[in-house]
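**Student:** Quick one: structure below, then a few questions.
Number of protein chains: 2
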Amino acid sequence: MARELHLNLFIHGRGHHEVAWRHPDSAQRAPTDLAHYRDLALAAEAAKLDSVFFADHVALGQDLGYAARGELEPLTLLGALAAVTQRIGLIATASTTYSEPYNLARQFASLDHLSGGRIGWNIVTSWAPAAAANFGQEHQAGIDQRYERAHEFVEVVSKLWDSWAKDAIRDDREAGVYAHADLIQRTEHRGKHFAVAGALNVPRSPQGRPVFVQAGASTDGRAFAARYAEAIFTAHLQKESAITFYSDIKTQARALGRRPDQIVILPGISAAIGSTEAEAQRVWEELNELAHPSVGLSRLSNRFGGHDFSHLKLDQVLSADDFPDPSQVEASRSRAQLITAYVARERPTLRRLLHSLAGARGHFTATGTPEQIADIIEDWFVSGAADGFNVMPPILPTQFTVFTEEVVPLLRKRGLFRSEYRDGTLRDRLGLDPVPSRFDSPTQEQRSA
Amino acid sequence: MARELHLNLFIHGRGHHEVAWRHPDSAQRAPTDLAHYRDLALAAEAAKLDSVFFADHVALGQDLGYAARGELEPLTLLGALAAVTQRIGLIATASTTYSEPYNLARQFASLDHLSGGRIGWNIVTSWAPAAAANFGQEHQAGIDQRYERAHEFVEVVSKLWDSWAKDAIRDDREAGVYAHADLIQRTEHRGKHFAVAGALNVPRSPQGRPVFVQAGASTDGRAFAARYAEAIFTAHLQKESAITFYSDIKTQARALGRRPDQIVILPGISAAIGSTEAEAQRVWEELNELAHPSVGLSRLSNRFGGHDFSHLKLDQVLSADDFPDPSQVEASRSRAQLITAYVARERPTLRRLLHSLAGARGHFTATGTPEQIADIIEDWFVSGAADGFNVMPPILPTQFTVFTEEVVPLLRKRGLFRSEYRDGTLRDRLGLDPVPSRFDSPTQEQRSA
Ligand SMILES: Cc1cc2nc3c(=O)[nH]c(=O)nc-3n(C[C@H](O)[C@H](O)[C@H](O)COP(=O)(O)O)c2cc1C
Ligand SMILES: Cc1cc2nc3c(=O)[nH]c(=O)nc-3n(C[C@H](O)[C@H](O)[C@H](O)COP(=O)(O)O)c2cc1C
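If you're matching them up, the sequences are chains A and B in order.
Residue 385 in the working numbering is what sits at position 387 of the first sequence, and the numbering runs on without skipping anything.
Residue 442 in the working numbering is what sits at position 444 of the second sequence, and the numbering runs on without skipping anything.
Structure below.
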């Protein structure tokens, strides 16, 4: 079977550009209005995208006067979207650092039932330092500690999702046998961070468990991804680093005995699309003119765990020396590394760096005609940089409408993208193997009794 | 304004009778199928009920072979129902013992947005002992400790829900001002159980916060209810104890400076309804014949925190001496008290007690014609036993269909129940005062800056 291009819509308020909320083309509705998300999910479904996705942070962001803060919580939102969509995958971020495994396992299993097997979990350790203080912690745990807990967390919830065999429920009214009791097993996990007896109180869900999505790219993050991730969201400012990342992940996965096609890598792309290059460029410039450099600077500082950049001048040409050692950053380490590498290589002015980050927080940004954007997508797809894309329109919904109406048909014409959904779960659509079950090859002991 | 009768549908699998799942009249769908809950919620909405409600336990129950265990998680389910209903209130149970305040506050605020102000939270401390082991705890905390944590929990989440003023969001595209930063305030809670900095990252929801519902009736539970509850679900095997409970709660609330009409008391009623008394009786007997006494006994034991009742005979007449002191029970203390009081008064055989509990786990059960059931509802409503009812059909959906088609019209004819929804939130419908906001009478200091 030919390789298939995968497309996910990353829904982020009124768009991914930092000031999308101010742009006249962005949604008029409040970011707390279900109708906004419903319409975007339905548009993505009409265009036959693989999935839609929501990020998540467990603290209120900064720059409250200016930034469009305050959104819906993704798991409850996914419940709502499960009820109003039919086929599209639904992916929510949830934190291993600030959740309880039993609660999260139940909610994801429940969502997978509600959606008929369309759920994915973007597993994050929560980079924003402010979250710790919302959970009784004086300081954010370091990256290595957060990932250590994340490993055990995924281990526990995986066991919980494997509590019920697929055929545990018999529902035999005549005989008075609801379930096959020995096809429901306890978890009995005892580890460093968690002790969970189980079993889960939600029956096995259509996919067995949510698709494991991952989005951290530090050394710890990559090792975690190579082990668990089935889809990866990743940020790159240029194609070269995407190629390096792609081959690194697939190599690490192979070393762990996994087939490389079992990890679908989706770099973000934030494209301003116009019928001419000039029109696309105009949209981008309109956005940049609305942005405040002081806010960009405060966001940059936040990514680096609070480092002070206030002495830098907007027209100053930057070098890596202007940044702290990114491998020491405990907040958003991989994003800090990405930014520092970009600065070292491109030597941008501070203004240019901030514009670039305002566009999509460190993801690849582009301006162009539908043809040009389709070219980029095809190029990355065939040259080992991507298995598909995390589509991050700078303005929602208008720039996504252009994407579905102008870019997607071109990708279809080129034989890269589906015209119809096939039956099946999100796992099936992503070409992922079924989730194994501890009940698959039962011992004699388990089946009897 | 005349007192209004309130009706809530308690949705519980295929019905509240322990063996509803076996009865030929109960739903054929799986208890994990959204369509089951959607249709029930839509039927309740068509009948203009106040709300629908889901219980919740954070451990898998017992008697796995026989009992219909394994359901959806209520908060994600409420998300789905928010999207497919328009007017009806949606109430979910969530535990203060096993949740994190920041996570729960976000999810409820988000649901209140998704539903346009229709959400209630049934605040419980989780009586089932098995839950502890799913959260790294060797033993369940005692009732007093659980309620102590519950008090602080409600205090914290209330502060979190009060993070944003109603008018904090300006969304002024021209001026580049998204929010009025001084109308978003941190929580800065530091207590015995929690330290939460805040602010919440979800803007103030339509109701300010979910309606506070409560369902524990031990001494600690009642004190908690008198302080916080705006609606109370309560179990009574007879009208007399409902009257005592009603007056106790309203008296306690008054002593705390609350208006008694600000707590809506809803006893459960599980009615088998037939066009004749004999037909209703037949349904009840069909159900009782399907029930297994051994399962009833194991459930009884569970309510008493694991006490062994296996030496009792089915035809033995019981007395209170056959039960442990209920005031020492750390699991379901109020239910244990209810059962012991009932036994002391009625001296039932074990078989009769188990039948009675199988019907609705200790709630009031009745069989009768629509007229007779309407009479009971009216009688309890006018004689100070209830402000309305928690409707717990023994078989779903069929017995609920009879209730909406036969009983509700009688209640309307008697001028007790609404024919149409008025505009407004669930709070408005229950006649509750608006939630105060810390921003309501701002100091000079807060408004400036
Ligand atoms: C598309 C995308 C979405 C992400 N979403 C979140 C998120 O919702 N919450 C979060 O805490 N981190 C999220 N991350 C991860 C961080 O932005 C970032 O990668 C961070 O550095 C965490 O990874 P690391 O610790 O491995 O560096 C996302 C990353 C990407 C590429
Ligand atoms: C209608 C109703 C629903 C209830 N739902 C739950 C529930 O979902 N989860 C729970 O742990 N307790 C629930 N309870 C409370 C317990 O069943 C019971 O009252 C228990 O004893 C807890 O209260 P107490 O500790 O004050 O006695 C409910 C009670 C009633 C009356």
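Virtual Cβ for every residue (Gly too), placed ideally from N, Cα, C.
Does the beta carbon of Leu38/B come closer than 9 Å to any beta carbon on chain A?
**Tutor:** So no, Leu38/B is outside the interface.
**Student:** Identify the continuous alpha helix (DSSP H) that holds Glu244/B and give its terminal residues.
**Tutor:** Residue 244/B is actually Tyr in this sequence, not Glu. Its alpha helix (DSSP H) spans residues Lys237 to Ala253.
**Student:** What residues in the region 79 to 104 of chain B bring their beta carbon closer than 8 Å to a beta carbon of chain A?
**Tutor:** Hits within the stretch, in order: Leu79, Ala80, Ala81, Val82, Tyr96, Ser97, Glu98, Tyr100, Asn101 and Arg104.
**Student:** Using a threshold of 9 Å, state whether the C-beta atoms of Ala318/B and Val341/B are closer than that.
**Tutor:** Yes. Within cutoff.
**Student:** What residue from Gly219/B, Ile117/B, Ser439/B and Phe231/B has the CA that sits closest to Gln250/B's CA?
**Tutor:** Per the Cα distances, Gly219/B.
**Student:** Could you check what DSSP says for Tyr176/B in three-state terms: helix, strand or coil?
**Tutor:** In this structure, Tyr176/B counts as strand in the three-state DSSP scheme.
**Student:** For ligand 2, I want to know if Asp449/A counts as a neighbour, meaning its beta carbon is within less than 8 Å of at least one of the ligand's heavy atoms.
**Tutor:** Past the boundaries of the shown model lies residue 449/A; chain A is included only from -1 to 447, so the question cannot be answered.
**Student:** So which residues on chain B does Pro201/A lean against when the C-beta distance must stay under 9 Å?
**Tutor:** By Cβ distance, chain B contributes Ala28, Pro29, Thr30, Arg67, Gly68 and Glu69.
**Student:** Here's a check: name, in chain order, each residue in its chain whose Cβ is nearer than 6 Å to the Cβ of Val448/A, leaving out the five neighbours to either side.
**Tutor:** Here chain A comprises residues numbered -1 to 447, so residue 448/A is not present and cannot be evaluated.
**Student:** Taking only the alpha-carbon atoms, compute the straight-line gap between Gly266/B and Ala45/B and give it to the nearest angstrom.
**Tutor:** In a straight line, the C-alpha of Gly266/B is about 18 Å away from that of Ala45/B.
**Student:** Determine, using beta carbons only, whether Phe362/B comes closer than 9 Å to chain A.
**Tutor:** Closer than 9 Å: no.
**Student:** Say whether chain A places a C-beta atom closer than 9 Å to the C-beta of Asp160/B.
**Tutor:** With 9 Å as the cut-off, Asp160/B does not count as an interface residue toward chain A.
**Student:** So if DSSP puts Ile121/B in a beta bridge, which residue, or which two residues, is it bridged to?
**Tutor:** According to DSSP, Ile121/B bridges with Ala92/B and Gln212/B.
**Student:** By the 10 Å Cβ neighbour count, where 16 or more other Cβ atoms means buried, how is Val405/B classified, buried or exposed?
**Tutor:** Buried: at least 16 other Cβ atoms inside 10 Å.
**Student:** Using alpha carbons as the reference points, say which of Pro208/B, His191/B and Leu264/B lies closest to Gly450/B.
**Tutor:** Examination of residue 450/B is not possible in this model, given that chain B is present from -1 through 447 alone.
**Student:** Between His149/B and ligand 1, is there a pair consisting of the residue's CB and a ligand heavy atom that are separated by less than 8 Å?
**Tutor:** No.
**Student:** Show which residues of chain B have a CB atom less than 8 Å away from the CB atom of Phe151/A.
**Tutor:** Those do not exist, as Phe151/A stays about 13 Å from chain B at its closest Cβ, beyond 8 Å.
**Student:** Buried or exposed for Arg257/B, please, with buried defined as at least 16 other CB atoms from any protein chain shown within 10 angstroms of its CB.
**Tutor:** Exposed, by the Cβ-count rule.
**Student:** Going along the chain, which unbroken runs of the alpha helix (DSSP H) with 4 or more residues stay wholly within the region 315 to 379 of chain B?
**Tutor:** Counting whole runs of 4 or more residues, the region 315 to 379 of chain B contains the alpha helix (DSSP H) stretches 331 to 344 and 348 to 358.
**Student:** Does the distance from the C-beta atom of Ala334/B to that of Gly304/B stay below 9 Å?
**Tutor:** No, they are not a contact pair.
**Student:** Alpha helix (DSSP H) containing Gly219/B: first to last residue?
**Tutor:** Unbroken alpha helix (DSSP H) run through Gly219/B: Thr217 to Tyr226.
**Student:** Which residues in chain B have a C-beta closer than 8 Å to the C-beta of Ala179/A? List them in chain order.
**Tutor:** By Cβ distance, chain B contributes Leu62 and Gly63.
**Student:** Classify Ala0/B as buried or exposed, calling it buried when 16 or more other Cβ atoms lie within 10 Å of its own Cβ.
**Tutor:** Label assigned to Ala0/B: exposed.
**Student:** Does the beta-carbon of Phe231/B, which I'm using as the reference point, lie nearer than 8 Å to any heavy atom of ligand 2?
**Tutor:** Checking the Cβ of Phe231/B against ligand 2 gives yes.
**Student:** Could you tell me whether the Cβ atoms of Ala42/A and Ser93/A are closer together than 9 Å?
**Tutor:** Going by C-beta atoms, Ala42/A is not nearer than 9 Å to Ser93/A.
**Student:** Counting beta carbon pairs with one atom in the region 107 to 114 of chain B and one in the region 124 to 144 of chain B, are three or more of them shorter than 8 Å?
**Tutor:** Contact fails: fewer than three Cβ-Cβ distances are below 8 Å.
**Student:** Smallest Cα separation from Asp431/A: which of Val209/A, Ala233/A, Tyr64/A and Val122/A?
**Tutor:** The candidate whose alpha carbon is nearest that of Asp431/A is Val209/A.
**Student:** Against chain A, does Arg20/B count as a neighbour if the rule is that its beta carbon must be under 9 Å from one of theirs?
**Tutor:** Output row for Arg20/B: interface = yes.
**Student:** Out of Glu418/B, Pro204/B and Val155/B, state which residue places its alpha-carbon closest to the alpha-carbon of Val194/B.
**Tutor:** The option with the nearest alpha carbon to Val194/B is Val155/B.
**Student:** So with CB distances below 7 Å, who are the chain B contacts of His111/A?
**Tutor:** By Cβ distance, chain B contributes Thr30 and Leu70.
**Student:** Return the bridge partner residues of Val389/A from the DSSP annotation.
**Tutor:** Leu7/A and Ile267/A, per the DSSP bridge assignment.
**Student:** Arg445/A to Ser439/A, Cα distance in whole Å?
**Tutor:** Low local confidence applies: a pLDDT of 48 at Arg445/A is under 50, so the model's placement there is unreliable, with the coordinate-based value given in what follows. One C-alpha to the other measures close to 10 Å.
**Student:** With a 10 Å radius around its C-beta and 16 neighbouring C-beta atoms as the bar for buried, classify Thr402/A as buried or exposed.
**Tutor:** Buried, since its Cβ has 16 or more Cβ neighbours within 10 Å.
**Student:** Since I believe Trp159/A is in contact with Ala103/A (beta carbons under 8 Å), could you give me their beta-carbon distance rounded to a whole number of angstroms?
**Tutor:** Right, their Cβ atoms sit about 6 Å apart.
**Student:** With respect to the alpha helix (DSSP H) encompassing Val433/A, which residues constitute its N-terminal and C-terminal limits?
**Tutor:** Element bounds for Val433/A: n/a, residue is neither H nor E.
**Student:** Could you tell me which of Leu76/B, Phe133/B, Leu58/B and Phe437/B sits nearest to Asp110/B, measuring between CA atoms?
**Tutor:** Ranking Leu76/B, Phe133/B, Leu58/B and Phe437/B by Cα distance to Asp110/B puts Leu76/B first.
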